[in-house]
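Working notes for the structure below.
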Amino acid sequence: MTVNNDQPYIDKVLNGDINTFSFLVEKYKDMVFTLALKMTKNREEAEEVLQDSFMKAFKSLKSFKGDAKFSTWLYKITYHNCIDRVKKNARRYTTDSIDKVLENRIKDTEDTMQMMERKERAELMNVCLLELPKDERSILWLFYYEELSLNEMIEVTSLSQANLKVKLYRARKKLLSIVQEKMEPEIIHHYGRK
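Residue numbering for the sequence shown follows this note's numbering, starting at -12 and increasing by one per position.
Right, dumping it as structure tokens:
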């Protein structure tokens, strides 16, 4: 069983202290919003998913068994909320959420040249990631950007371990192919043919 540091707060909410739920909202709102923004590609939609996810979590808190971390359980709710919303709203949105996340990871102490190179790589990775189907992009996002373990990803996506590993492998392979396809012309341009 996973150690759940949030259990005391959950117990308080279940015992009638509903104001304690605001602590959990405050603690996890950025995580939920980031996932929602990444999946919906629209700030307003992400804010609605944020609200819906916490409402669903609050209403079904009695069903939280503590087998996984509260954050994983909340991720699962958010993930499925996003999928439902994306299916419902089939139109495309534009947002540079992946760029922003990648740019935020650039350290202030790096020199200007390194920052420019990282920004170019982030932009290229964003372009490449956006060429993947939603489900593959989401799986890579959860694994690499949110750094969820396979067990947490299984909990969030409801996929079997074998299916998740296959999807992760295929998504990596497709992403590598896309990156190579996009990078080859640039490498030839900068360095010439081998």
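Positions of the beta carbon are idealized from the N, C-alpha and C atoms, including for glycine.
Touch test, the region 155 to 175 against the region 49 to 68, Cβ-Cβ under 8 Å, three pairs minimum: By the Cβ test, the region 155 to 175 is not in contact with the region 49 to 68, since fewer than three Cβ pairs between them sit closer than 8 Å.
Whole-angstrom distance between R72 and S50, CA atom to CA atom: Position 63 of the sequence shown, counted from the first residue, corresponds to residue 50. Position 85 of the sequence shown, counted from the first residue, corresponds to residue 72. Between S50 and R72, the C-alpha separation is close to 23 Å.
Cβ-based burial, A55 [other Cβ within 10 Å; buried from 16]: Walking along the sequence shown from the start, residue 55 turns up at place 68. By the 10 Å Cβ count, A55 comes out buried.
Assigned secondary structure, D4 (DSSP; H/G/I helix, E/B strand, else coil): Numbered from 1 along the sequence shown, position 17 holds the residue referred to as residue 4. Of the three classes helix, strand and coil, the one that applies to D4 here is coil, per DSSP.
Length of the line joining the Cα atoms of V12 and N76: By one-based count along the sequence shown, residue 12 stands at place 25. By one-based count along the sequence shown, residue 76 stands at place 89. Separation of V12 and N76 (C-alpha to C-alpha, rounded to the nearest whole angstrom) is 26 Å.
Residue range of the alpha helix (DSSP H) that includes E134: Stepping through the sequence shown from its first residue, residue 134 is reached at position 147. Premise fails: E134 is in no alpha helix (DSSP H) and is neither H nor E.
Residues near L22 in its chain [Cβ-Cβ closer than 6 Å; skip 5 each side]: Counting from one through the sequence shown, the residue named residue 22 turns up at place 35. Result list for L22: T65, in chain order.
CB-CB length for L1 against L48, believed under 8 Å: For the purposes of this step, residue 1 is taken as residue 14 along the sequence shown, with counting starting at 1. For the purposes of this step, residue 48 is taken as residue 61 along the sequence shown, with counting starting at 1. Yes, they are in contact, since the Cβ atoms of L1 and L48 sit about 6 Å apart, within 8 Å.
Rounded C-alpha distance that separates Y(-4) from M42: As a first step, residue -4 must be located in the sequence shown, where it is residue number 9. As a first step, residue 42 must be located in the sequence shown, where it is residue number 55. So the two alpha carbons sit approximately 16 Å from each other.
Three-state secondary structure assigned by DSSP to L89: Within the sequence shown, numbered from 1, the residue matching residue 89 stands at position 102. Legend: pLDDT at L89 = 45, less than 50; position of this residue unreliable, value from coordinates given subsequently. The DSSP-derived three-state label of L89 is helix.
CA-to-CA distance, T7 to F130, given in whole angstroms: Within the sequence shown, the letter at position 143 stands for residue 130. Within the sequence shown, the letter at position 20 stands for residue 7. Between F130 and T7, the C-alpha separation is close to 30 Å.
Outcome for I5 when other beta-carbon atoms lying within 10 angstroms are tallied against a minimum of 16: Mapped onto the sequence shown, residue 5 falls at position 18. Classification of I5: exposed, given that the 10 Å Cβ count is below 16.
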